[in-house]
Each structure stands twice: as C-alpha cells, then as structure tokens.
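Each residue of the sequence shown is one higher than the one before, starting from -13 at the first, in the numbering used here.
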Amino acid sequence: MEHADLIVCREVSLGYEGQSVLNHLNLRVQGGDYLCVVGDNGSGKSTLLRGLLGLLPPLAGSIWRAAELERGAVGYLPQQTRAQRDFPATVEEVVLSGCLSQKGLRFFYSAAQRSRALMNLGKLGVLELRRSSYRDLSGGQQQRVLLARALCAAGRLLILDEPVTGLDPAAAQDLYKTLRYLNKEEGMAVVMVTHDLRPALRDAGTVLHIGHGGTFLGSPAEYLASPYGRRFKEAAE
Ligand code: ADP
-13 MEHADLIVCR
-3 EVSLGYEGQS
7 VLNHLNLRVQ
17 GGDYLCVVGD
27 NGSGKSTLLR
37 GLLGLLPPLA
47 GSIWRAAELE
57 RGAVGYLPQQ
67 TRAQRDFPAT
77 VEEVVLSGCL
87 SQKGLRFFYS
97 AAQRSRALMN
107 LGKLGVLELR
117 RSSYRDLSGG
127 QQQRVLLARA
137 LCAAGRLLIL
147 DEPVTGLDPA
157 AAQDLYKTLR
167 YLNKEEGMAV
177 VMVTHDLRPA
187 LRDAGTVLHI
197 GHGGTFLGSP
207 AEYLASPYGR
217 RFKEAAE
C-alpha cells in the first residue's frame, strides 16, 4: 500500500474558462510521498491543488485518482481567510465537522467519529482546548485544530495550501514537525503548497516548482542544482 498510486496526472492542463494556467504536467503521488509545491505567486499552485482534489476538471490530459480518494480518504487544509478565523464554534465541533463527508444520511456523529476527532486533537497536542471557542485560539493553535479536522477525513493523503501563513516561526516549525511525524511514522502522503523552502528542502521527497518560466519536478537535491533552485542554495546552507 505504501507506494500504491494515489493520483496520476498525465499531460495535464488546468485553467479557467478555457484559459490554461498550467500545461503538460506529469505528476504521480503515491502512498507515503511528501511533495512540496513551490513557485511564483499566481503561477498556478492552488489551481493544481484544485485539480488534485478533483474540484477542477483538466482542460486537457487526464487526472487519475485512486477510488479510495473518491470515498474521502483525502484531508484538505485550505488557505485560511480572516472570516474563518472568527468561526463561532468550539474546537471539538470544528474537528468533528471534518467527519461530515462520512456522515451520510445520519444526523448525528457516531461514537467512532467522536473518538477519532478526540484522538486527532490529542495527536496534535490540543486536546485540552476541545471545549474552547475556536475564534479565541492563537493562529498556531487554530492551524493545529484545522489539521486535526483534515485528519478526520484523511485516510491516506493530506493536501495543504500554505499552512504556515500568518504563524510565528516557532508555531510554523511545530506544524512542520507534526507533518513530518504523520508522513514518516504514519505513512500519510503529504502534498503541500508552501512559500517556505526550508520544509520543502528538508522534509520533502519531491519538489515541484511551478513558475512562469517553466516547471521542475525532482528531489530536493536535484531542485537545488537546477536553475530554479540554485538561487536558494545559499539561503538553505
Ligand atoms: P498560486 O496559487 O500559484 O498563487 P493560483 O493557482 O491561485 O496561483 O492562480 C493562478 C492563475 O489563475 C492566476 O492568474 C489567477 O488569477 C488565476 N485564477 C485563480 N483562480 C481563478 C478562478 N477561480 N477563476 C479564474 N482565474 C483564476
């Protein structure tokens, strides 16, 4: 299962209203992978995530997704907006809502879903906050709660869009450490869009750079040696 294909993109173009943003993309995400997507603003990183999530059909090429992903084995942590930071619910309610896709026609969460929500809060070190109001938490605590929420849905794959935006450096490091743990110890595949190259170079198995000048896909070492990554080499040392 570890290296089974989860998503395979072949010669994919993605865009809006017939205008492509990304072209000829070939990409394979397998169980246990850690892929960081980096690149210029507006180059199409979030667009790619929408494609991987099955929310945006390709203009050309094909995106194959494992059947288990259609049944909900993917957790998604979107970019946070200010309105979401003010969300009026308790931490436990926010995390439980991650189980909504599995709730089906029932009105109530099952005991198994509740225990899964609590387990994920514990895993992320925020169990003691479960009765707190989400809007009263710090940015770092809120991201942990949202990650716990995403984990309720994620059986095999976590997709994250700029998860450390707005966090102080210590909270960002904490979040990366948690992702590393989930990936290495629990075999969770991670696909993360980030502006921060440090986790990309330290934790990722593969880096995908999307730029206005072209696309690069390879290991962190290959990325640093490439024309795209060379300018970051000094910063990383
Ligand atoms: P990134 O995440 O790399 O900053 P995006 O994927 O958000 O880039 O955007 C890539 C391009 O697609 C941009 O030019 C943006 O204006 C355009 N775009 C993004 N979302 C939409 C949308 N819903 N409709 C039309 N164009 C969009």
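Glycine is no exception: its CB is placed at the ideal position from the N, C-alpha and C atoms.
Cα-Cα separation between residue i and residue j, rounded to whole angstroms
i, j, result
"Leu104", "Ser124", "20 Å"
"Ala79", "Leu107", "Here residue 79 turns out to be Glu, not Ala, going by the sequence shown. Going by the C-alpha atoms only, they are around 11 Å apart."
"Leu21", "Arg14", "10 Å"
"Leu143", "Gly61", "6 Å"
"Tyr209", "Glu56", "32 Å"
"Asp189", "Arg135", "22 Å"
"Leu146", "Arg71", "17 Å"
"Phe202", "Gly18", "21 Å"
"Ala207", "His198", "22 Å"
"Pro64", "Ala211", "31 Å"
"Asp185", "Ala52", "Contrary to the premise, residue 185 reads as Pro rather than Asp in this sequence. Their Cα atoms are separated by approximately 27 Å."
DSSP bridge partner residues for residue i (one or two, in chain order)
i, result
"Leu194", "Val23, Leu203"
"Ser119", "Thr76"
"Ala175", "Leu143"
"Gly61", "Leu144"
Limits of the alpha helix (DSSP H) - the one that residue i falls within
i, result
"Ala52", "It is not in any alpha helix (DSSP H) - Ala52 carries neither H nor E in the DSSP assignment."
"Gly108", "97 to 109"
"Gln41", "As written in the sequence, residue 41 is Leu, which differs from the Gln given in the question. From DSSP, Leu41 is part of no alpha helix (DSSP H); its letter is neither H nor E."
"Glu183", "For the sequence presented, residue 183 should be read as Leu rather than Glu. Residues 183 to 188."
Range of the contiguous beta strand (DSSP E) that encloses residue i
i, result
"Ser32", "Not the beta strand (DSSP E): Ser32 falls in the alpha helix (DSSP H), residues 31 to 38."
"Leu0", "-9 to 2"
"Leu8", "5 to 16"
"Leu45", "Unbroken run through Leu45: none, as it is neither H nor E."
8 Å contact criterion, which residue i and residue j should meet: CB distance rounded
i, j, result
"Thr(-6)", "His195", "It should be pointed out that residue -6 corresponds to Val in this sequence rather than to Thr. At roughly 20 Å, the Cβ-Cβ gap does not stay under 8 Å, so Val(-6) and His195 are not in contact."
Subject >> Meets three-Cβ-pair contact criterion under 8 Å: the stretch 37 to 46 and the stretch 122 to 139 >> reply: no
Original post:
Taking one C-beta from the stretch 1 to 11 and one from the stretch 156 to 166 each time, how about it: are there three or more such pairs within less than 8 Å?
Top reply: The stretch 1 to 11 vs the stretch 156 to 166: no contact.
**OP:** For the stretch -6 to 1 and the stretch 170 to 190, state whether three or more C-beta atom pairs, one from each stretch, are separated by less than 8 Å.
**Re:** no
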